[in-house]
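If you're matching them up, the sequences are chains A and B in order. Numbered according to the working numbering, the first sequence terminates at residue 280, and the numbering increases by one at each position without gaps. Numbered according to the working numbering, the second sequence terminates at residue 280, and the numbering increases by one at each position without gaps.
There are 2 protein chains.
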Amino acid sequence: MSTQKTTDRLIAAAAPIFAEKGYRETTVAEICEAADANIAAVNYHFGDKANLYAEVWKFLTAAAKAAFPIPENHLEVGAEQWLRLFLRSRLECIFCEDTAGLCPKLIFKEMNERTPKHEELFLSYLKPNRIRVRNAVHDFIGQEIEETQLDLLTQNFMGVHISLNAGYQKHKNDPLHLHKFSKFQNIRPLIDQVETFALGGLKEVRKSLNS
Amino acid sequence: MSTQKTTDRLIAAAAPIFAEKGYRETTVAEICEAADANIAAVNYHFGDKANLYAEVWKFLTAAAKAAFPIPENHLEVGAEQWLRLFLRSRLECIFCEDTAGLCPKLIFKEMNERTPKHEELFLSYLKPNRIRVRNAVHDFIGQEIEETQLDLLTQNFMGVHISLNAGYQKHKNDPLHLHKFSKFQNIRPLIDQVETFALGGLKEVRKSLNS
DNA sequence: GGCAGTTTCAAACGCTTATTTGAAATAATT
DNA sequence: AATTATTTCAAATAAGCGTTTGAAACTGCC
């Protein structure tokens, strides 16, 4: 039995389970078992399962932010540099194997599950970041561009790390070899390559908008 | 009451529901109601819910393939051209609004749900395509490249349409404006832009591998 | 030590949902 | 028309799971 308080044990135990299986497929029974707590502990301490889930989000997003910090926006370092920093930060987080690494997994699971807290989590944790990226992309393009086209481009840029996360998560039955991205391999050149791809895409679009 | 056979009505009714809500959140009760069939119809005709789900996959992947056909592989048209055709085919399918358009939605839902048929569906419908893309990307790069790097690049390329699909599916609470990609808008320039992004990324990586 | 407040516990409740059942209705076959 | 096979039906079954409950154990305070 750990010396932590029960609430902390529950959050810590729930995090990897929610990140692995998503909200719906995770049972409070298994969380309580993993936390060495009684079946009623979740409801007693958090009211219900959904509130615990929201606490896990708070916990993991904070962990990820602390582990891979980046400038608040692109104004100080410039659009291109900030986009690079953003992408690298996300990629390192995806491939890291400690608590912070659970954050992308959790987000990925939430992406196509409609949990009771979806709206709230989305607005609190995802939307602000997305707007920052959009602004940086806008600045990077540096010229007139349709709203829709800018949104599309932002989605494409974000998609680079999002889909990589997705592919990485399912490594067990991936037909390719993404599971080789492990701590046993030097991921630097891989991250470099992804950066090249993403920025290359942005540049090509910028170029096409000029002509 | 339709004149179709009950099995066909069940598949046709189940397709949009599974595509919208995923396997787990879909109940056989609502499928039967939508198909104007009795609650026991699914088990009688398909054995269980999972088998009906597999039939829906068969049905929708066939519909998508028929609606947006592409050459079997890149050997006839060349790697770059085939990759363009592949991407366009996928994008048009994502944005189309009839039955074929349900296929990407279904795939998207399956992506992070572990349904009883996951392995089987993955091997039958997803893996072969992925290998074709990988081969085309390999050819496009046209030089020595690490296995892992090639897989990564393939994932990046695939990710362009996958994440776009993801973003499009959740248009309702998307903080940006992806929901504007509707039939009321001319999607041609948007598809062009995505193509520019994806191919631009590939070219930049190819260039970097040369140096 | 005694007491109030807090936390833990095992059992039970209530709800949802996939599946089964056995009879009734319908279709096919002779 | 009669018999058999197939399909439909409403009700029942069974299992999973979030939540509640009320008693027991524990903690801090006087």
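Backbone N, C-alpha and C fix where the C-beta goes; we use that ideal spot for every residue, glycine too.
Query, Result
"Integer-rounded CB distance, given that Val206(B) should sit under 8 Å from Leu190(B)", "Not confirmed; about 23 Å, so no contact."
"Bounding residues of the alpha helix (DSSP H) (the contiguous stretch that carries Phe226(B))", "Glu216 to Gln238"
"Nearest neighbour of Ile210(A), chosen from Phe87(A), Lys118(A), Gly270(A) and Glu94(A) [CA to CA]", "Gly270(A)"
"Residues of the stretch 88–108 of chain A with Cβ closer than 9 Å to any Cβ of chain B, in chain order", "Lys90, Gly91, Arg93 and Glu94"
"Thr95(A) versus Glu182(B) - alpha carbon distance", "12 Å"
"Contact set between Phe177(A) and chain B, taken where Cβ atoms lie within less than 7 Å", "Asn181"
"C-alpha gap between Asp208(B) and Ala148(B), whole angstroms", "6 Å"
"Neighbour flag for Thr184(B) against chain A, beta carbons, 8 Å", "no"
"Contact check, Gln212(B) vs Leu156(B), beta carbons under 8 Å", "no"
"Backbone CA spacing between Asp220(B) and Ile100(B) [nearest angstrom]", "39 Å"
"Beta carbon of Lys118(A) nearer than 8 Å to that of Val97(A)", "yes"
"Selection from Arg203(B), Thr217(B) and Phe115(B) that minimises the alpha carbon distance to Arg257(A)", "Thr217(B)"
"Beta-carbon neighbours of Lys272(A), restricted to chain B and to distances below 8 Å", "Gly269 and Glu273"
"Three-pair Cβ contact test at 8 Å for the stretch 110–117 of chain B versus the stretch 131–142 of chain B", "no"
"Straight-line Cα distance separating Ala235(A) from Asn225(B)", "11 Å"
"Contact with chain B by Val263(A), beta-carbon distance below 8 Å", "yes"
"Own chain residues within Cβ distance below 8 Å of His143(B), not counting five before or after", "Gln150, Trp151, Leu152, Arg201, Asn204, Ala205 and Asp208"
"Neighbour-count burial assignment, Pro173(B), 16 or more Cβ in a 10 Å radius", "buried"
"Nearest-angstrom Cα separation, counted from Ile80(B) out to His187(A)", "30 Å"
"Close beta carbons around Cys162(A), own chain, < 8 Å, minus the five adjacent residues each side", "Ala133, Ala136, Phe137, Ala169, Gly170, Cys172 and Pro173"
"7 Å Cβ shell around Asp77(A) - same chain, five flanking residues per side excluded", "none"
"Distance between Val229(B) and Leu154(B) (C-alpha atoms, nearest Å)", "14 Å"
"Neighbourhood of Phe128(B) by C-beta distance below 7 Å, restricted to the same chain and skipping five residues each side", "Ile80 and Ala84"
"Through-space distance from Tyr194(A) to Leu245(B), alpha-carbon basis", "For Leu245(B), the predicted structure reports a pLDDT of 49, less than 50, and the residue's modelled location is therefore unreliable. The matter cannot be settled from this model."
"Ordered list of alpha helix (DSSP H) runs contained in the stretch 124–175 of chain B, each at least 4 residues", "148–164"
"As assigned by DSSP and simplified to three states, the class of Glu182(A)", "coil"
"Chain-ordered neighbours of Ala235(A) on chain B, where CB pairs are closer than 9 Å", "Met180, Asn181, Gln224, Gly228, Ile231, Ser232 and Ala235"
"Counted within 10 angstroms of its Cβ, other Cβ atoms place Glu166(A) as buried (16 or more) or exposed", "exposed"
"Three-state class that DSSP yields for Tyr113(B) in the structure shown", "helix"
"Simplified DSSP assignment, three categories, for Thr76(A)", "helix"
"Below-8 Å beta-carbon distance, Thr130(B) vs any chain A residue", "no"
"Chain-order list of residues whose beta-carbon lies under 6 Å from that of Ala88(A) (same chain, five-residue window excluded)", "Leu171, Lys174 and Leu175"
"Pair within 8 Å by beta-carbon distance, Ser232(B) and Ser158(A)", "no"
"Same chain only: Cβ atoms within 7 Å of Tyr122(A), ignoring 5 sequence neighbours per side", "Phe87, Tyr92, Thr184 and Lys186"
"Exposed unless 16 or more other CB atoms sit within 10 angstroms - verdict on Lys241(B)", "The predicted model places Lys241(B) with a pLDDT of 46, which falls under 50 and marks its position as unreliable, so this point remains unresolved."
"Cβ pair Phe266(B), Glu273(A) closer than 8 Å", "yes"
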